[in-house]
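Line order of the protein sequences matches chains A and B. Sequential numbering from 1 applies to the first sequence in our numbering. Sequential numbering from 1001 applies to the second sequence in our numbering. This report refers to the structure that appears directly beneath it.
2 protein chains.
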Amino acid sequence: MVNNYDGAIDRGLEGVIACTTKISYIIDATLTYRGYTIEDLSAHSHFEEVVFLLWNNRLPKEEELKHFSKKIHSELTLSKDQLKVLADLPSRGVHPMAWLRTAVSMLSLWDEDAPKTDDRSREKVMLRLLAKTSSLVPFLERIRNGKEYIEPMADKSLAWNFLYTMNGVEPEEEVVKVFDTCLVLHADHELNCSTFASRVISSSLSDIYSSVVSAISALKGPLHGGANEQVMKTLKSIGSLDKVDAWVHQVLAEKKKIMGIGHRVYKNGDPRAKILKEMSRSLCAKNGKEEYFKMSERIEEIIKSEKGLLPNVDFYSATVYDSMGIPFDLYTPIFTVSRIGGWLAHIQEQYSQNRIYRPRGEWKGASHREWSSFKNR
Amino acid sequence: MVNNYDGAIDRGLEGVIACTTKISYIIDATLTYRGYTIEDLSAHSHFEEVVFLLWNNRLPKEEELKHFSKKIHSELTLSKDQLKVLADLPSRGVHPMAWLRTAVSMLSLWDEDAPKTDDRSREKVMLRLLAKTSSLVPFLERIRNGKEYIEPMADKSLAWNFLYTMNGVEPEEEVVKVFDTCLVLHADHELNCSTFASRVISSSLSDIYSSVVSAISALKGPLHGGANEQVMKTLKSIGSLDKVDAWVHQVLAEKKKIMGIGHRVYKNGDPRAKILKEMSRSLCAKNGKEEYFKMSERIEEIIKSEKGLLPNVDFYSATVYDSMGIPFDLYTPIFTVSRIGGWLAHIQEQYSQNRIYRPRGEWKGASHREWSSFKNR
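What follows is the structure in structure tokens.
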């Protein structure tokens, strides 16, 4: 056994380089996709274009983007057969990510391209998975509330259709723009746990659905996808602006963690949080939720001055989603709708430079034990 | 960024130690579970006892094993609600592992213990997953052939019930014994790709179902679970003993790989292959399939003398399963029925010493690109 590793074990492969990549990276203290900063992309681009960029390593020409978007939007629809089985699944009281994991896995059973390995079939599967996952989440919200499926509109964007098929009313342009920007901001982030998981599964040359299902499985974990839901729960439990100071000081005194604050990599602040903060300010004001925005801002102020820590991507996305009326437990599914763009890029990259992931464990157990019959145990 | 790694990138973490473990390890050129050799366990133990050992790090007392087995066997049944939705899924022409991945994921939606994190609830989920997965595979075989579900018998073993609920007739004791030994032999094997995947997903503190679904997703890949199916397809395509020599020499001349031969770790032969060979010899003779056994043996002889390579676990398990009349495409699902015992032990171990897996990538892409409008692309 060759072991090139220095013995830092059970630390979640921290500091270990697991692969080479050209997809996203933190450069000059900001997040970049394919070399473009997240500030630049969130200001000028939109989700469909960003997905094209992530998958193709370049921005599309006008006609290409039109064609690419059309292909995505034409895949938003769920078929009658799919809707029938999905409607028979338990949906109330189940974890939305467990439902989504099952639903995405199930879609593969109707997809004749799923087992194919040529580039053309794989691209079809990628477009289909991106689109249909974004339709499954609003469908879950409707069906668990006893409402009917709403047919998406193929001439509208993925973000527009998400809000429309969830609420049943045509969304306002400003809200669509904010939601689309949230999708852009969450689309990729180096080798986070779910993205790494998608690459590990792809490395056995398993199919794209298997890799995405596994990434959803990882994102479901509270150490990964669930932080903005926790932020919103915290704000609700504090209750009002006048109670923030006492609450924060108590949490600091107890040396507890505040969800949505701090980041392992960004020491001078998460660039995504700054963008989300301004969107939160505007939407909260518009929708009569200033209190939550002001509470968030006050928490940020105190933590910054007392601990030098700054908000991460989860902190202000909480109030953004809440101001749109989205239930807390759909925040992680929405994260999925965005991050699947990045996962699919990583799966494609893994296939192109593949070696199966098969690390070693360091043995700490017993050896040379011998089986004995019951009376000698 | 701290990087303790020497730069061996895109090699699937070969030689990297990803965690400490006390579950299985290769010691003195043989596979050991919890310090017991695979030869010892396959000779004296059986699957339920081995699962107890994997989960508890010791052999059970007589009463404990009785109680443990009873709990497993009482979970073999699939409920009416579950059977109804499973029956509505496409099953013909779909990849059995895609169906199984979906079915296992779906079971969690009926399992109120799935989201719980206390030890007692987790043990219930582990027993349920082990049992019900072993019932799903025979059910798939029946439903895709238009046959009805068969109720398992709670006073019989998991191996017995697998064969009974698949074929609808009570299996012979010798066949049950061989099948049970196959389950023992495949139950764990260090940090193979699917086991590593199960730990990566657990590390976000996602639930047990999510981790198992992801392990199934990894095992589905042809670089991982599918080798014994390929061995059997190869034997069928060669056709008869007299054609083996010419076929092997041609493959060697073309420098192609022969499925089921060679192993990265066992240089003096895979200990599991030796046990499987004797079972294959016996069952093939019994069931009039000597030709396939003799063909396998002849392939082994030539490869050994010409290349010094030896069969691995997949080589003789192919003819063992074939001699039982099991369809080729169920070999990987059967691998799942066994390996889930190991996965569940690893998931439990990961929770007990957790840090989220989050390695880094080495950046090979562009930087400092700037968004531009269509006319400048």
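Glycine included, C-beta positions come from ideal geometry on N, C-alpha and C. Model, not experiment: these values are computed from the prediction.
**OP:** Measure the alpha-carbon distance for residue 102 (chain A) versus residue 204 (chain A) and round it to whole angstroms.
**Re:** For this step, residue 102 (chain A) is matched to residue 102 along the first sequence. For this step, residue 204 (chain A) is matched to residue 204 along the first sequence. Those two C-alpha atoms are separated by around 21 Å.
Subject >> Close-in-space but distant-in-sequence residues of the same chain around residue 1137 (chain B) (CB under 8 Å, 5 per side omitted) >> reply: On the second sequence, residue 1137 (chain B) is found 137 positions in, with the first residue counted as 1. Within the same chain, residue 1137 (chain B) has close Cβ partners 1096, 1100, 1162, 1166, 1330, 1333, 1334, 1336 and 1337.
Original post:
With C-beta atoms as the reference, is residue 1341 (chain B) less than 8 Å away from residue 1054 (chain B)?
Top reply: Here residue 1341 (chain B) refers to the residue found at position 341 when the second sequence is read from its first residue. Here residue 1054 (chain B) refers to the residue found at position 54 when the second sequence is read from its first residue. Against a cut-off of 8 Å, the Cβ pair of residue 1054 (chain B) and residue 1341 (chain B) comes out as a contact.
Subject >> Cut-off 6 Å between Cβ atoms - residues of its own chain near residue 187 (chain A), not counting five sequence neighbours on either side >> reply: The residue labelled residue 187 (chain A) in the question sits at position 187 within the first sequence. Answer for residue 187 (chain A): 50, 338, 341 and 342, listed in chain order.
Subject >> Inter-residue spacing [alpha-carbon to alpha-carbon] between residue 1061 (chain B) and residue 321 (chain A) >> reply: To locate residue 1061 (chain B), count along the second sequence from 1; it is residue 61. To locate residue 321 (chain A), count along the first sequence from 1; it is residue 321. Roughly 54 Å separates the two Cα atoms.
Original post:
Cβ of residue 295 (chain A) within 8 Å of Cβ of residue 238 (chain A)?
Top reply: Translated into positions along the first sequence, residue 295 (chain A) becomes position 295. Translated into positions along the first sequence, residue 238 (chain A) becomes position 238. Residue 238 (chain A) is positioned such that its CB atom lies closer than 8 Å to that of residue 295 (chain A).
Original post:
Is the Cβ of residue 35 (chain A) closer than 8 Å to any Cβ of chain B?
Top reply: Counting from one through the first sequence, the residue named residue 35 (chain A) turns up at place 35. Residue 35 (chain A) counts as touching chain B.
**OP:** Would you kindly check if the distance between the Cβ of residue 59 (chain A) and the Cβ of residue 48 (chain A) is under 8 Å?
**Re:** The count along the first sequence starts at 1 and reaches residue 48 (chain A) at position 48. The count along the first sequence starts at 1 and reaches residue 59 (chain A) at position 59. Contact flag unset, no.
Subject >> Three-state secondary structure assigned by DSSP to residue 1371 (chain B) >> reply: What you label residue 1371 (chain B) is simply residue 371 of the second sequence in a count that begins at 1. Here residue 1371 (chain B) sits in coil by DSSP.
Original post:
In the structure shown, what three-state DSSP assignment does residue 134 (chain A) receive?
Top reply: Along the first sequence, read from residue 1 onward, the residue named residue 134 (chain A) stands at position 134. Correct three-state label for residue 134 (chain A): helix.
Subject >> Exposure label - residue 228 (chain A); buried when at least 16 CB within 10 Å >> reply: As a working note, residue 228 (chain A) is residue 228 in the first sequence. With 16 or more other Cβ atoms within 10 Å, it is buried.
Subject >> Rounded straight-line distance, which links the Cα of residue 77 (chain A) to that of residue 133 (chain A) >> reply: Counted from its first residue, the first sequence places residue 133 (chain A) at position 133. Counted from its first residue, the first sequence places residue 77 (chain A) at position 77. Answer to the nearest angstrom: the Cα atoms are 10 Å apart.
Original post:
Does residue 351 (chain A) have its Cβ less than 8 Å from a Cβ in chain B?
Top reply: Looking up residue 351 (chain A) in the first sequence gives position 351. Output row for residue 351 (chain A): interface = no.
**OP:** Could you run through the region 85-99 of chain A and flag, in chain order, every residue whose CB is less than 9 Å away from some CB of chain B?
**Re:** Residues are counted here when their Cβ sits less than 9 Å from a Cβ of chain B; for the region 85-99 of chain A these are 85, 88, 89, 90, 91, 93, 94, 95, 97, 98 and 99, given in chain order.
Original post:
In whole angstroms, what is the alpha-carbon distance linking residue 1368 (chain B) and residue 262 (chain A)?
Top reply: Working through the second sequence from its first residue, we reach residue 1368 (chain B) at position 368. Working through the first sequence from its first residue, we reach residue 262 (chain A) at position 262. Whole-angstrom Cα-Cα distance: 26 Å.
**OP:** Mark residue 1079 (chain B) as exposed unless 16 or more other C-beta atoms lie within 10 angstroms of its C-beta, in which case mark it buried.
**Re:** Taking the first residue of the second sequence as position 1, residue 1079 (chain B) is located at position 79. Counting Cβ neighbours within 10 Å, residue 1079 (chain B) comes out exposed, since fewer than 16 surround it.
**OP:** Throw me the rounded Cβ distance for the residue 1364 (chain B) and residue 21 (chain A) pair, which I believe falls under 8 Å.
**Re:** For the purposes of this step, residue 1364 (chain B) is taken as residue 364 along the second sequence, with counting starting at 1. For the purposes of this step, residue 21 (chain A) is taken as residue 21 along the first sequence, with counting starting at 1. Right, their Cβ atoms sit about 7 Å apart.
Subject >> Partners in chain A for residue 1192 (chain B), counting only beta-carbon separations shorter than 7 Å >> reply: Counted from its first residue, the second sequence places residue 1192 (chain B) at position 192. Residues of chain A passing the Cβ test: 358.
Original post:
Along the chain, where does the beta strand (DSSP E) that runs through residue 1360 (chain B) open and close?
Top reply: In the second sequence, counting from the first residue as 1, residue 1360 (chain B) sits at position 360. Its beta strand (DSSP E) spans residues 1360-1363.
Original post:
Could you give the uninterrupted runs of the alpha helix (DSSP H) lying entirely in the region 1091-1132 of chain B, keeping only those of 4 residues or more?
Top reply: 1096-1107
**OP:** Have a look at B:1370, B:1264, B:1250 and B:1234 and flag the residue whose alpha-carbon is nearest the alpha-carbon of residue 1316 (chain B).
**Re:** Translated into positions along the second sequence, residue 1316 (chain B) becomes position 316. When only C-alpha atoms are compared, the closest one is B:1234.
**OP:** Compute the beta-carbon to beta-carbon distance between residue 358 (chain A) and residue 1013 (chain B), rounded to the nearest angstrom, for a pair I have assumed lies under 8 Å.
**Re:** The residue labelled residue 358 (chain A) in the question sits at position 358 within the first sequence. The residue labelled residue 1013 (chain B) in the question sits at position 13 within the second sequence. Sure, about 7 Å apart at Cβ, within 8 Å.
Original post:
Expressed to the nearest angstrom, what Euclidean distance is found between the alpha-carbon atoms of residue 1071 (chain B) and residue 1348 (chain B)?
Top reply: As a first step, residue 1071 (chain B) must be located in the second sequence, where it is residue number 71. As a first step, residue 1348 (chain B) must be located in the second sequence, where it is residue number 348. Computed Cα separation, rounded: 18 Å.
Subject >> Span of the alpha helix (DSSP H) around residue 1077 (chain B) >> reply: Here residue 1077 (chain B) refers to the residue found at position 77 when the second sequence is read from its first residue. Here residue 1077 (chain B) belongs to no alpha helix (DSSP H), and DSSP marks it neither H nor E.
**OP:** Look at the alpha carbon of residue 1003 (chain B) and the alpha carbon of residue 130 (chain A), and state the distance between them as a whole number of angstroms.
**Re:** Numbered from its first residue, the second sequence carries residue 1003 (chain B) at position 3. Numbered from its first residue, the first sequence carries residue 130 (chain A) at position 130. The predicted model places residue 1003 (chain B) with a pLDDT of 39, which falls under 50 and marks its position as unreliable, so this point remains unresolved.
**OP:** Please report how far the alpha carbon of residue 1120 (chain B) lies from the alpha carbon of residue 1344 (chain B), in whole angstroms.
**Re:** The residue you call residue 1120 (chain B) lines up with position 120 of the second sequence. The residue you call residue 1344 (chain B) lines up with position 344 of the second sequence. The straight-line gap from Cα to Cα measures roughly 14 Å.
**OP:** Count the CB pairs spanning the region 269-284 of chain A and the region 239-248 of chain A that are closer than 8 Å, and state whether there are at least three.
**Re:** no
Subject >> Residue ranges of each alpha helix (DSSP H) within the region 1279-1314 of chain B, 4 or longer >> reply: 1290-1307
Original post:
Expressed to the nearest angstrom, what Euclidean distance is found between the alpha-carbon atoms of residue 122 (chain A) and residue 111 (chain A)?
Top reply: Within the first sequence, the letter at position 122 stands for residue 122 (chain A). Within the first sequence, the letter at position 111 stands for residue 111 (chain A). Take the alpha-carbon of residue 122 (chain A) and the one of residue 111 (chain A): they are about 11 Å apart.
Subject >> Short Cβ contact (8 Å threshold) for residue 1033 (chain B) with residue 1024 (chain B) >> reply: Position 33 of the second sequence, counted from the start, is the residue given in the question as residue 1033 (chain B). Position 24 of the second sequence, counted from the start, is the residue given in the question as residue 1024 (chain B). Yes.
Original post:
Is residue 392 (chain A) helix, strand or coil when you go by DSSP?
Top reply: Examination of residue 392 (chain A) is not possible in this model, given that chain A is present from 1 through 377 alone.
Original post:
When you compare only the Cα positions, how much space is there between residue 87 (chain A) and residue 1211 (chain B)?
Top reply: Locating residue 87 (chain A) in the first sequence gives position 87, counting from the first residue. Locating residue 1211 (chain B) in the second sequence gives position 211, counting from the first residue. Cα to Cα, residue 87 (chain A) sits roughly 25 Å from residue 1211 (chain B).
Subject >> CB contact below 8 Å: residue 171 (chain A) versus chain B >> reply: On the first sequence, position 171 is the one that residue 171 (chain A) refers to. By this cut-off, residue 171 (chain A) is not an interface position.
Original post:
Near residue 1232 (chain B), which residues of its chain fall below 6 Å by C-beta distance, leaving aside the five closest residues on each side in sequence?
Top reply: By 1-based counting over the second sequence, the position of residue 1232 (chain B) is 232. For residue 1232 (chain B), where only same-chain residues beyond five positions count, the Cβ hits under 6 Å are 1318, 1322 and 1328.
**OP:** Go to residue 216 (chain A), then tell me how far its alpha helix (DSSP H) extends in each direction, as first and last residue.
**Re:** Mapped onto the first sequence, residue 216 (chain A) falls at position 216. Here the alpha helix (DSSP H) through residue 216 (chain A) covers 208-219.
**OP:** Round the Cβ separation of residue 1303 (chain B) and residue 1309 (chain B) to the nearest angstrom and send it over; I've been treating them as touching at under 8 Å.
**Re:** Here the question's residue 1303 (chain B) lines up with position 303 in the second sequence. Here the question's residue 1309 (chain B) lines up with position 309 in the second sequence. Confirmed, about 5 Å.
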